[in-house]
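To keep things clear, I will list the structure first and then write my remarks on it.
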Amino acid sequence: MPKTAEELLAKARRHIDRLTPRQALEAMNAGAVLVDTRTETDRRNEGTIAGAVAVADSVLEWRADPADDAADPRLTTGARLIVMCNDGYSSSFKADHLRKLGHQHPADVIGGYRAWKRLGLPVDEFRSDRGIPH
9 MPKTAEELLA KARRHIDRLT PRQALEAMNA GAVLVDTRTE TDRRNEGTIA GAVAVADSVL
69 EWRADPADDA ADPRLTTGAR LIVMCNDGYS SSFKADHLRK LGHQHPADVI GGYRAWKRLG
129 LPVDEFRSDR GIPH
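Basically the numbering used here = 1-based index in the sequence shown + 8.
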């Protein structure tokens with residue numbers, strides 16, 4: 009049984025797909041749903057990704073559970089979901105939670121949003137009309 013945060017992280021990552029930012033962009037272009045779990049403050053200060061669905065980290069499991077009244081129809085178990093956080097750590101745990109909820113091949117983005125931005129991939133300014141209010 010894992011005893012450290014790093015061991016818990018390694019265990020979660022054994023069960024999910026990990027994509028580079030470029031692979032995540034390609035997957036989005038092929039129909040995958042990018043789920044941005046960063047805070048509204050981070051999205052406002054650092055930017056967003058067009059087409060990403062913003063869902064607060066604290067409610068992702070409920071938004072992605074088709075049996076829950078709070079489920080977001082964009083996050084169905086039939087959709088390929090890719091979770092993105094700031095740096096690619098909490099997204100690994102969240103992607104593993106999605107797997108446990110029945111999502112097939114959930115993924116996260118290696119290095120998170122900040123790696124995406126460092127690579128010069130497309131980013132937008134924050135707009136409050138995107139995603140799900142939290």
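We treat Cβ as the ideally placed atom computed from N, Cα and C, and that holds for glycine.
Segment limits, beta strand (DSSP E) that includes residue i
{"i": "ASP25", "result": "25–27"}
{"i": "ALA5", "result": "Residue 5 lies beyond the stretch modelled for the chain, which goes from 9 to 142, so this question has no answer here."}
Cβ pair residue i, residue j closer than 7 Å
{"i": "VAL43", "j": "VAL63", "result": "yes"}
{"i": "VAL61", "j": "VAL41", "result": "yes"}
{"i": "ASN94", "j": "ARG122", "result": "yes"}
{"i": "ASP132", "j": "ALA58", "result": "yes"}
{"i": "SER98", "j": "LEU17", "result": "no"}
Burial state of residue i (16 or more Cβ within 10 Å)
{"i": "GLY139", "result": "Note that GLY139 has pLDDT 49, beneath the 50 cutoff, so the model's placement of it is unreliable and the number below is only indicative. By the 10 Å Cβ count, GLY139 comes out buried."}
{"i": "LEU106", "result": "buried"}
{"i": "ILE128", "result": "Just to set this straight, residue 128 is Gly in the shown sequence, not Ile. Label assigned to GLY128: exposed."}
{"i": "PRO29", "result": "buried"}
{"i": "LYS108", "result": "exposed"}
Nearest to residue i (by Cα), restricted to the options the options
{"i": "HIS113", "options": "LEU17, THR85, THR47 and ARG30", "result": "THR85"}
{"i": "LYS19", "options": "HIS111, GLY120 and ASP104", "result": "ASP104"}
{"i": "GLN31", "options": "ARG135, PHE134 and GLY119", "result": "GLY119"}
{"i": "ARG135", "options": "GLU69, ALA87, HIS23 and GLU48", "result": "GLU48"}
{"i": "ARG82", "options": "ARG126, GLY39 and GLY96", "result": "GLY39"}
{"i": "ARG26", "options": "LYS125, ARG88 and PRO130", "result": "ARG88"}
{"i": "THR45", "options": "GLU15, ASP80, ASN37 and ASP65", "result": "ASP65"}
Boundaries (first-last residue) of the alpha helix (DSSP H) holding residue i
{"i": "LEU68", "result": "68–71"}
{"i": "ALA18", "result": "13–21"}
Is there contact between the region 74–82 and the region 46–57, where contact requires at least three CB pairs shorter than 8 Å?
no
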